Amino acid sequence: MRLAGISALVLLAGLYLPPWEAWAGPFPAHMLRHMGLVAGVAPLMVLAWPGVARRFAVPVMLAAVAEFAIVWAWHLPHLHGFAQLTFGGRVLEQMAFLAAGLAVWSGALHARQALVGAGGLFLTSMHMTLLGALLVLAPGDLYAEICGRTPDLSGQQLGGILMLAIGTPIYLVGALVLAARVVREETA
């Protein structure tokens, strides 16, 4: 458990200390941080501090629906622009992402029935896949105008690919691990 806590802190530093915007562009940097929080830091924190996570766990399906609403809302152009253009907006967005991730992972890993936890993670994987695909396949940069920057469709596509490459498999693997636990228990 101590390794999970240290890993969460190292990942947080890796997400926020390097100049990701300069290296990858604004939208890929946003998506790297977003996915790092919900699919990396959040599950590591839940694993590191299971007692705290258990106390704050909500039903996983409720958490998955709330996480869906939070993630999709912050990817609407106006809210995304608010987060990109103001420090307070960015802090609020990142805190919402972390809280949503903590709720989903706490609910999933502490669900009374592991299969329900798997379902919550699978549902989250599906909506992450859909949003990532929409970002990749969009005909134009959805955020350039509202953020006051030059259109960068390739940056948006890279952000969508990061969502697909990070979020989709991590949530899917989590769901499969919980489902496998059910199969093992039933065959034992």
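The numbers in the working numbering rise by one with no breaks, and the one at position 63 of the sequence shown is 66. All C-beta atoms, glycine included, are put in the ideal place defined by N, C-alpha and C. Model, not experiment: these values are computed from the prediction.
Put simply, the backbone Cα of Ala117 is about 24 angstroms away from that of Arg5.
Contact between Ala121 and Ala178 holds, since their C-beta atoms are separated by about 4 angstroms, short of 8 angstroms. Excluding sequence positions up to five before and after Met48, its CB lies within less than 6 angstroms of the CB of Ala11, all in the same chain and listed in chain order. With contacts defined by Cβ atoms closer than 7 angstroms, Ala103 and Ile149 do not form a contacting pair. Val61 carries a coil assignment under DSSP once its states are collapsed to helix, strand and coil. Beyond the five residues adjoining it in sequence on each side, Leu156 comes within less than 7 angstroms, by CB distance, of Gly143, Asp144 in the same chain, given in chain order.
Counting of Cβ neighbours within 10 angstroms places Glu188 among the exposed residues, the total staying below 16. Ranked by Cα distance from Met129, the first of Tyr146, Trp75, Gly110 is Trp75. DSSP places Gln159 inside the alpha helix (DSSP H), whose first and last residues are 156-165.
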